[in-house]
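Visitor:
Number of protein chains: 2
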Amino acid sequence: MTKQFHDNVLGGDILDQLYNEARTYNGWLDKEVSEEQIRHIYDLMKMAPTSANMQPGRFVWVTSEEGKAKLAECASEGNADKIKAAPVTVIIGYDIDFHEELPWLFPHTDAKSWFEGDEEGRKEGAFRNSALQGAYLILAARAVGLDCGPMSGYDADAVNDAFFGDDPKVKSNFICSLGYGDPSTIFERSPRPEFGKFNRMA
Amino acid sequence: MTKQFHDNVLGGDILDQLYNEARTYNGWLDKEVSEEQIRHIYDLMKMAPTSANMQPGRFVWVTSEEGKAKLAECASEGNADKIKAAPVTVIIGYDIDFHEELPWLFPHTDAKSWFEGDEEGRKEGAFRNSALQGAYLILAARAVGLDCGPMSGYDADAVNDAFFGDDPKVKSNFICSLGYGDPSTIFERSPRPEFGKFNRMA
């Protein structure tokens, strides 16, 4: 029986941890992130929905000095320093040929055939759904007591060559540093819109 | 002083509500979702990060019978029935000209100039970041005790004409029904990948 949580509004501290007090960090305390923590984040993220369970995200968790140096070379100067200082930076990539995996990921129908011969449609679906997965990852990291620093200021072609060169159907979407945020490295909170600015009822 | 939550791993019930036991619903109990709940979801979602605080998402919360009929006409047959039955379906749109708002959304530098004259780059940034916002929305809805049914099976051009026709720089990304999920309408959980399948350390 599926557990349901109807009208169970999570407490203020939990919403603070996930949304209201969580911040984008630009620097990190000198404290490691373990592979166990990384696996926990992935095991949460993978449960959240993607279209036809396509799970197009392909993730490279950069933790070694060599990996950081390689990734930093592809980034803008400011982001390169952040990558080198972070315990982990994950590359959120996507596989344009995700449909090859659908026979086992979505076994109750022939979903693979929906995408065959439609590379543009696959690219759009993989990009959208890997971005969703990246957001699930950010909130999962926060849910296990880590902080995030997502970035898109880098040379995507260089990252693709350096990390996905053996599989040209995989491209990077964005990258995200993870760790224990140094509170001295956050900027003042940017303004947030009132509901009426970007929302309407219909 | 920023609140931090280092190593505070949220409890199992909370992770169940957000990730592990939450499911995609195809049908809904006969129970309304209030505008107050919708505003709460938005007020959480908007706190989560977008690149340069661009906040490109534009949201139409379809709750009226007329709105549902109009949206259902743009959807595949199966999704049309789901839209008509759901208390709310939100259209997650994005504004390709989001950069016009950056002077107040990202006031400490001239971020607008980074995007001027680069419509392709704006389109990519708006699509990526509105997808992130859609994922933040899904988890925020779950955090306030609602269920979700995200969908991309619809005619995007028709939705753009019907709901964003007065502003051709706004396009739909995906749509998501919200409400109190009817547990009889979920499918068997699709398989999830082991860590090693789509992840590697570097």
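Line order of the protein sequences matches chains A and B.
Here the first sequence stands for residues 1 to 202, where the numbers follow our numbering.
Here the second sequence stands for residues 203 to 404, where the numbers follow our numbering.
All C-beta atoms, glycine included, are put in the ideal place defined by N, C-alpha and C.
By Cβ distance below 7 Å, which residues in the same chain neighbour G121 (chain A) in space, the five residues on each side in sequence not counted?
Guide: Numbered from its first residue, the first sequence carries residue 121 (chain A) at position 121. Counting only Cβ-Cβ distances below 7 Å, and skipping sequence neighbours, we find F115.
Visitor: Name, please, each residue of chain A whose Cβ falls closer than 8 Å to the Cβ of F397 (chain B).
Guide: Against the second sequence, residue 397 (chain B) aligns to sequence position 195. Result: R39, Y42, D43.
Visitor: Quick check on the DSSP output: the beta strand (DSSP E) that includes K171 (chain A) runs from which residue to which?
Guide: For this step, residue 171 (chain A) is matched to residue 171 along the first sequence. Segment 170-179, the beta strand (DSSP E) holding K171 (chain A).
Visitor: In the DSSP assignment, find the unbroken beta strand (DSSP E) run with Y296 (chain B) in it and report its ends.
Guide: What you label residue 296 (chain B) is simply residue 94 of the second sequence in a count that begins at 1. 290-297 is the extent of the beta strand (DSSP E) around Y296 (chain B).
Visitor: According to DSSP, simplified to helix, strand and coil, what is F329 (chain B)?
Guide: Residue numbering aside, residue 329 (chain B) sits at position 127 when the second sequence is read from its first letter. Helix, per DSSP.
Visitor: If we require 4 or more residues per run, which alpha helix (DSSP H) segments fall completely within the stretch 255-319 of chain B?
Guide: Segments of the alpha helix (DSSP H) lying fully in the stretch 255-319 of chain B: 267-274, 279-287, 304-307, 314-317.
Visitor: Beta-carbon within less than 6 Å of Y136 (chain A)'s beta-carbon, same chain only, minus the 5 sequence neighbours each way: which residues are those?
Guide: Here residue 136 (chain A) corresponds to residue number 136 of the first sequence, with the count starting at 1. Here the set comprises M45, A48.
Visitor: Closest to G181 (chain A) by CA distance: which of A:G196, A:P150, A:K112 is it?
Guide: Numbered from its first residue, the first sequence carries residue 181 (chain A) at position 181. Comparing Cα positions, the closest option is A:P150.
Visitor: Mind listing the chain B neighbours of S152 (chain A)? Cutoff is C-beta to C-beta under 8 Å, in chain order.
Guide: Counting from one through the first sequence, the residue named residue 152 (chain A) turns up at place 152. The answer, in chain order, is S253, G327, R330.
Visitor: Along the chain, where does the beta strand (DSSP E) containing R200 (chain A) start, and where does it finish?
Guide: Your numbering for residue 200 (chain A) matches position 200 in the first sequence. Looking at the DSSP string, the run of the beta strand (DSSP E) that includes R200 (chain A) is 199-201.
Visitor: Expressed to the nearest angstrom, what Euclidean distance is found between the alpha-carbon atoms of T387 (chain B) and Y227 (chain B)?
Guide: For the purposes of this step, residue 387 (chain B) is taken as residue 185 along the second sequence, with counting starting at 1. For the purposes of this step, residue 227 (chain B) is taken as residue 25 along the second sequence, with counting starting at 1. Taking the straight line joining both Cα atoms gives about 6 Å.
Visitor: Just the chain A side, please: which residues come within less than 8 Å of P385 (chain B) by C-beta, in chain order?
Guide: For this step, residue 385 (chain B) is matched to residue 183 along the second sequence. Correct list: M1, T2, Q4.
Visitor: Look at the Cβ atom of L307 (chain B), then the Cβ atom of P191 (chain A), and state whether they are nearer than 9 Å.
Guide: The residue you call residue 307 (chain B) lines up with position 105 of the second sequence. The residue you call residue 191 (chain A) lines up with position 191 of the first sequence. Cβ atoms of L307 (chain B) and P191 (chain A): closer than 9 Å.
Visitor: Who pairs with P352 (chain B) in a beta bridge, going by DSSP?
Guide: Locating residue 352 (chain B) in the second sequence gives position 150, where the first residue counts as 1. DSSP lists B:C378 as partners of P352 (chain B).
Visitor: If you draw a straight line from the C-alpha of F207 (chain B) to the C-alpha of A202 (chain A), how long is it?
Guide: Taking the first residue of the second sequence as position 1, residue 207 (chain B) is located at position 5. Taking the first residue of the first sequence as position 1, residue 202 (chain A) is located at position 202. Each residue's Cα considered, the two are about 38 Å apart.
Visitor: If you measure between the beta carbons of L273 (chain B) and I377 (chain B), is that distance less than 9 Å?
Guide: The residue labelled residue 273 (chain B) in the question sits at position 71 within the second sequence. The residue labelled residue 377 (chain B) in the question sits at position 175 within the second sequence. Closer than 9 Å, so yes.
Visitor: Should E234 (chain A) be labelled buried (16 or more other beta-carbon atoms within 10 Å of its own) or exposed?
Guide: Since the displayed chain A opens at 1 and closes at 202, residue 234 (chain A) lies outside it and no answer follows.
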